[in-house]
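Have a look at the structure below before the remarks.
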Amino acid sequence: ADMVIEMPAFTGSVTRLMGVYLCNIPKEIGAIRSSRHDYIALASGLDSFFIYWGGSHFSLDLLKENVIDKLDCMSSNLCSRWIPTGKMRMEDTGHITKENVLTAMTNLKLRTENKFAGYAHEAELALDQRPAGGNLRVAFKKPYDTEFDYDKATNSYLRTWGGDADIDRNNQQRIAPKNVAVLFATSSQITTEQDYSGLRDPWKNVEEIKKTGSETITGRYNNVEIGDPWYDHSDSGDAFYYMNGKEIKGSWKKDRSKIDSKLFFFNEQGQEIRFVPGQIWVDILEPGQALRWTPAS
């Protein structure tokens with residue numbers, strides 16, 4: 039993926055990833071999991087075609103309103119399941135091929151030219167200007183905790199996930215983004231007790247039995263304050279960026295008044311971050327979760 043966004047799918051616990059393919063579509067994309075409303079807003083800001091496998095009640099309500107071009111694998115024969123191997127669960131097996139992504143876009147009569155403005159880039163540092171190493175720890179709750187070890191030779195960050203080297207299924211190579219962005223944003227579970235005054239009421243289209251009855255979903259799904267136009271009071275926060283083996287402090291911003299607003303990355307001077315060419319990995323931590331950068335001694 040050209041960009042990956044990883045953030046909590048349950049407050050203080052499970053994380054979920056969204057891969058973004060801007061330049062190339064790999065032969066297979068997976069695992070495809072159920073949708074969450076926060077990812078809809080982030081995908082819209084990238085002018086994306088959104089592919090998912092079912093979803094939370096709140097995200098499916100929004101998707102019914104056609105807020106984004108989409109494909110639900112739950113009701114499409116263009117998606118398939120792998121045979122589970124190793125640690126894979128059934129939920130980890132959903133996937134789609136490059137050919138079927140393009141077929142879906144043709145069937146839906148979608149344009150193939152992306153209108154996203156993109157992110158600023160600059161040339162990476164020469165080898166003799168790079169530091170010898172460094173370690174970045176992003177302390178999601180175990181076993182979702184992540185580390186990135188900076189590799190001087192490739193100017194990339196070797197990703198470890200839950201204590202294991204993270205490997206790309208398509209090429210069997212270590213996942214090693216060139217850029218890592220860590221944003222801080224509040225997460226909370228969506229409950230019937232919360233006050234959504236001035237915002238969209240998430241419970242408006244939920245049947246009573248799922249509000250307070252025996253099939254209640256109160257507290258099942260979370261909301262990350264990452265600038266969506268429906269349930270967020272906040273649309274900015276602190277951020278830290280890692281590229282060329284160095285740490286840059288800054289902030290992020292996504293205008294919550296528009297679903298398709300761009301997710302901006304800024305340095306401390308308020309200027310847009312200039313990434314180096316290559317994959318951008320975005321981790322969204324909750325306040326209080328630890329972030330530690332240890333440069334090479």
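The opening residue of the sequence shown carries number 39 in the working numbering; numbering runs sequentially from there.
Glycine included, every Cβ here is placed at the ideal spot set by N, Cα and C.
The model shown is predicted, which means the values in this text are computed figures rather than measured ones.
Collapsed DSSP secondary structure at residue i in the structure displayed
i           : result
residue 95  : helix
residue 63  : coil
residue 217 : strand
residue 25  : Outside the shown range of the chain (39 to 335) lies residue 25, about which nothing can therefore be said.
residue 160 : coil
residue 118 : strand
residue 44  : strand
residue 227 : strand
residue 126 : coil
residue 323 : strand
residue 187 : strand
residue 194 : strand
residue 239 : coil
residue 85  : coil
CB contact below 7 Å: residue i versus chain D
i           : result
residue 110 : Absent from the structure: chain D. Only one protein chain is present.
Reference residue i; option with closest CA among the options
i           : options               : result
residue 125 : 228, 328, 202 and 257 : 202
residue 186 : 137, 43 and 331       : 331
residue 54  : 122, 184, 150 and 87  : 184
residue 225 : 193, 283, 181 and 275 : 275
residue 160 : 333, 327 and 316      : 316
residue 152 : 114, 191 and 87       : 87
residue 28  : 165, 109 and 177      : In the structure displayed, the chain extends from 39 to 335; residue 28 sits before or after that span and is not available.
residue 118 : 100, 299, 298 and 90  : 90
residue 72  : 78, 58, 94 and 83     : 94
residue 127 : 170, 312, 68 and 163  : 68
For residue i, the first and last residue of its enclosing alpha helix (DSSP H)
i           : result
residue 75  : 75-82
residue 142 : 136-145
residue 247 : 246-249
Span of the beta strand (DSSP E), counted from its first residue to its last, around residue i
i           : result
residue 89  : 88-90
residue 153 : Neither: residue 153 is in no beta strand (DSSP E) and is coded neither H nor E.
residue 331 : 329-333
residue 49  : From DSSP, residue 49 is part of no beta strand (DSSP E); its letter is neither H nor E.
residue 168 : No beta strand (DSSP E) contains residue 168, which DSSP labels as neither H nor E.
residue 110 : 108-110
residue 105 : Looking at the DSSP string, residue 105 is not in any beta strand (DSSP E), and its letter there is neither H nor E.
Assumed close pair residue i, residue j - CB separation to whole angstroms, cut-off 8 Å
i           : j           : result
residue 241 : residue 254 : In fact, because the Cβ distance is near 11 Å, the residues do not count as touching under 8 Å.
residue 61  : residue 85  : About 14 Å separates the two Cβ atoms, so there is no contact after all.
residue 163 : residue 282 : 5 Å
Worksheet item: Which runs of the beta strand (DSSP E), 3 residues or longer, sit entirely within the region 251-316?
Response: 260-262, 274-281, 284-291 and 302-305
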